[in-house]
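Below is one structure, written out as structure tokens; comments come after it.
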């Protein structure tokens, strides 16, 4: 494989990412399943990088999951999004940063629709006015939170205390980077690196000392599929997609998987557990799974945050093997405690997947 | 009633998504749904291009349009700039708005989604909420999730959330006036109308099928649509 | 006073036009930016439809041209100024040449296959282009994978960079299908034990002998033709290439591994031609090829008197087409020059 070829492609897909004064809109899935990641993002942006990130408590879901499972009509979704923009305008912000990848794709889709079909924009302005009395401006910049972390990866590296290398041997850790489909598949120019060789996570990994591995199913969807997961009868689709990826990446022995979409790490984490229960198969070494990280968690680890502050305890596939490789200290006795040290018991161990 | 094709083309996403398919197959080659289901997105575009009223009606009443996972991998590749994934959202929308969706096994599932994600949007301001992802109904979420849900407030506090409380933060309580704005948006833009249509058609179908359908997620019809999966969808042909 | 024609480009079109103009007694200056004349023809091994050596045709064209015209290699027009009924061509070297007519014979570039990112050219070692393969065949060395082994399965991808909105080229490049079939046969000749696949959208076997070649490919050589456009390539651990495609005739999406994948790249316009065209004020189509006055009856005329076009700078053409085209252009230039005082 010739890496220079990929670098040439990355150069072609540069996009503008705002550098401050962000309006942050949260992700339904991220908040539910890896909430500490959003906490980490804000901590990094506000405390470490001293950036202005504003959250309006009045904001809601963009309705993306409802839209992509087709219970919410396009007009409704566009108007909900218009309301989000109205909150932005109200607070004098121009730079939108989304926590969710589906949102990111949807905001781009809606903005492109309004660009090509001004009548639709007019209609939506009318809807929003009638429903809420609100008006809005189009944001100047729309970025995903992973774009922002990518943008500041060097700054994070400079103040970081950990690297993506094996702390004993010094070998770069091997990373599978998994990009959410809605990041750039629909609008390749809106993703750093385009759709075929997205660079947003590769850039982080390389900056922080790791090595990205390529494998045949790299671009394959994790299988969320919206309705394909939400309805139990369809869930086999979702599982099969993730399984396809695991089978493809296994021979390359990744040390962990890095993702930028809120849904993907949840699926790649849970489906490893499910496959171990259903088929007795595990994809990591010695009966373990391959740890799955969000980019916020990874940035937090680089910066030396406590793994349990980062929420790694709520991963079904234990992250401890990775922490051990990186030489990161953690207190197992505190893993499942509450904020004030309350004993909350422990989850049951799965029957196959090695648990800690 | 207008011709189905005309109703479809009134949607701007239809215009964006259908621009003279030449049946090269790049969409189907890359489609995850085509890998696992007896399905080719190309077939859908083929049918739409004929503009044939009967075929399109069959499409709206059949399972075929419900296999797609809306990953948009097809959009990346099409050499003519078509977007089968977009066309599917338009077809699914029309299928529900006309009440055709209850004619197919996969289409009938929309009620389950409306009563979960759909209603959660209006109730919480989020598409999902931890107390709604019940471990009994989601064994695949695993024992850690189960433990989490059992101690949700403490765990959320530990993870830095502002769980169900006022003010900004993770999983905050979205203020009622904002939820009301959301509801008004749904009312004005046809969202409520679609929700009602999904309910009404499903009730009718449940009656036809001789199953009980109450407001609860635990009723017979909901359980049936939530779990029924005909092997034909994935069987070797 | 003897009239001068400056021909920009010393490939098939330029050489042919120069010869014909010399036949008609006109004075010609042939400018070629490379070190030698011949254009792309220098790179081809055997030409369709009869698989004769390209070097024979090049030799023929050079012989015919002889020393009858002035040829300047490593030379290129920097600026061209249009006067009342003549032109001043300013060479990059600085020299200024006055002439009475200009013939654009600048030819084509091959589509840069790296732009079709999902195929992995320039990233995966065993993805090569048809031009790379011609070079391999011309050199006489065996066709091998990057590891130096004989490939047991070779795939040919049609329409690379053509008929593709994503690549920025909606047009068909005309010659790639027959090239693909020709090269598929050549692989089988070199490696009789190999399995060869052609992945096509349409097989454009439009000219004399082409369809028979397709028949031979199937009948005699057992080459497999699969109707589907390759959607994506990836690399296996052993550097073989796994590709995803739909067999659209049986509606079956499939994955297939090949040892060597050949991308049939199409024509694109040279950026340099676009630059000169803008200088001269001649029209460029949306496909970036040079526009002519009439597609049927005035295809060597541009919108500007005294400026003519021949060869692939005005669209995809075969070598034989180009020779015919350049001959017609020479005659039209000759007639034009007669109208000047």
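Residue numbers (our numbering), protein chains in the order written: chain G, 432 to 787; chain W, 235 to 471; chain Z, 98 to 438.
By construction, the Cβ of each residue, glycine as well, lies at the ideal position given by its N, Cα and C atoms.
In this text, all values refer to a predicted model and were calculated from it rather than measured experimentally.
In the structure shown, the three-state DSSP call for residue 399 of chain W is coil.
The alpha-carbon separation between residue 535 of chain G and residue 501 of chain G amounts to approximately 18 Å. The alpha-carbon separation between residue 303 of chain Z and residue 364 of chain Z amounts to approximately 18 Å. For residue 219 of chain Z, the chain G residues whose Cβ falls inside 8 Å of its Cβ are 433, 435, 436, 439, in order along the chain.
The contact set of residue 625 of chain G on chain Z, defined by CB atoms closer than 9 Å, consists of 214 in chain order. The region 474-483 of chain G makes no contact with the region 432-442 of chain G; the number of CB pairs closer than 8 Å stays below 3. Pairwise C-beta distances place the region 717-731 of chain G out of contact with the region 370-385 of chain W, as fewer than three of them are shorter than 8 Å. Straight through space, the alpha carbons of residue 445 of chain G and residue 123 of chain Z are spaced by roughly 52 Å.
Judged by their CB atoms, residue 319 of chain W and residue 435 of chain W are not nearer to each other than the 7 Å cut-off. Each residue's CA atom was taken as its position, placing residue 269 of chain Z and residue 258 of chain W some 14 Å apart. Within the region 675-692 of chain G, contact with chain Z at the beta-carbon level (separation under 8 Å) is assigned to 682, 683. Scanning chain Z for C-beta atoms nearer than 7 Å to the C-beta of residue 628 of chain G yields 214, reported in chain order.
Z:148 is the residue among Z:107, Z:398, Z:148, Z:117 whose C-alpha sits nearest the C-alpha of residue 286 of chain Z. Taking CB atoms only, residue 408 of chain W has a neighbour in chain G less than 7 Å away.
Residue pairing by DSSP places residue 391 of chain Z opposite Z:395 in a beta bridge. Per DSSP, residue 347 of chain Z is not a residue of any alpha helix (DSSP H), being assigned neither H nor E. For residue 333 of chain Z, the C-beta contacts it makes with chain G under 7 Å involve 647, in order along the chain. Nearest CB-CB separation between residue 346 of chain W and chain Z: not below the 7 Å threshold. In the structure shown, the three-state DSSP call for residue 460 of chain G is helix. Of the residues G:784, G:748, G:734, G:739, the one whose Cα lies closest to the Cα of residue 766 of chain G is G:739. Its Cα nearest to that of residue 216 of chain Z, the residue Z:255 stands out among Z:238, Z:255, Z:184. One alpha carbon belongs to residue 412 of chain Z, the other to residue 433 of chain W, and they sit about 59 Å apart. A straight-line Cα-Cα distance of about 22 Å links residue 253 of chain Z and residue 205 of chain Z. Using a Cβ-Cβ cut-off of 7 Å, residue 329 of chain Z counts as an interface residue toward chain W, since at least one Cβ of chain W sits closer than that to its own. Out of Z:372, Z:325, Z:436, the CA that lies nearest to the CA of residue 386 of chain Z is found in Z:372. In this structure, G:701 is the residue among G:718, G:548, G:701, G:469 with its C-alpha nearest to the C-alpha of residue 655 of chain G. In chain order, 468, 469, 530, 531, 693, 725 place their CB closer than 8 Å to the CB of residue 461 of chain G, counting only its own chain and leaving out the 5 sequence neighbours on each side.
Note on the region 125-186 of chain Z: whole alpha helix (DSSP H) runs with a minimum of 4 residues are 151-162, in chain order. Straight-line spacing of the CA atoms in residue 374 of chain Z and residue 133 of chain Z works out to 23 Å.
When DSSP states are grouped into helix, strand and coil, residue 774 of chain G belongs to the strand group. One Cα belongs to residue 356 of chain W, the other to residue 353 of chain Z, and the distance between them is close to 47 Å. Taken through DSSP and simplified to helix, strand or coil, residue 665 of chain G comes out as helix. Bounds of the alpha helix (DSSP H) holding residue 283 of chain Z are 273-287. Contact between the region 159-179 of chain Z and the region 127-141 of chain Z is present, with at least three C-beta pairs closer than 8 Å. When DSSP states are grouped into helix, strand and coil, residue 354 of chain Z belongs to the strand group.
The region 505-512 of chain G makes contact with the region 409-422 of chain W, as at least three CB pairs between them are under 8 Å.
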